[in-house]
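Here is the structure we will look at, set down as structure tokens.
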Amino acid sequence: GNVVNLFFDTGKDLEEWEYTAAFHLFDEEIFTNRGYNIEDDDSEFNPTWHIEFELIQDHQKMQQKLEELCDLIKFSIEKVLIDISTKESEYKQDS
């Protein structure tokens with residue numbers, strides 16, 4: 005159809021407490037503020053997110069959208085991995 009479905013994860017195996025922390029600390033608003041629909045997918049081994057957006061027929065505009073999305077994903081994953089690195093005691097006691 006005219007919808008693009010994209011899935012991404014942390015790119016590395018996480019401990020159970022890190023898994024929970026990643027979902028809690030991941031900033032989905034960065035995506036929703038730019039018009040992307042995003043949902044977490046906790047059925048995978050590592051934290052995974054699903055993004056859905058409208059297909060753009062213009063190849064150059066679609067390429068720009070995908071580049072923006074890749075930058076957002078890279079920034080968000082790097083940030084959440086840094087953010088959770090200081091939360092072990094907080095999340096380990098909850099698991």
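Just so you know, we're using this note's numbering here: the sequence shown kicks off at 5 and counts up by one.
The C-beta atom is built at its ideal place from N, Cα and C for all residues, glycine as well.
For Thr36, the enclosing alpha helix (DSSP H) starts and ends at Glu33 to Thr36.
Secondary structure at Phe49: coil, using DSSP grouped into helix, strand and coil. Under the DSSP assignment, Leu10 falls in the beta strand (DSSP E) whose first and last residues are Val7 to Asp13.
With respect to Asp44, Phe27 sits close: the two C-beta atoms are nearer than 8 angstroms.
In this structure Thr14 is not in contact with Tyr95, their Cβ atoms being roughly 15 angstroms apart against a cut-off of 8 angstroms.
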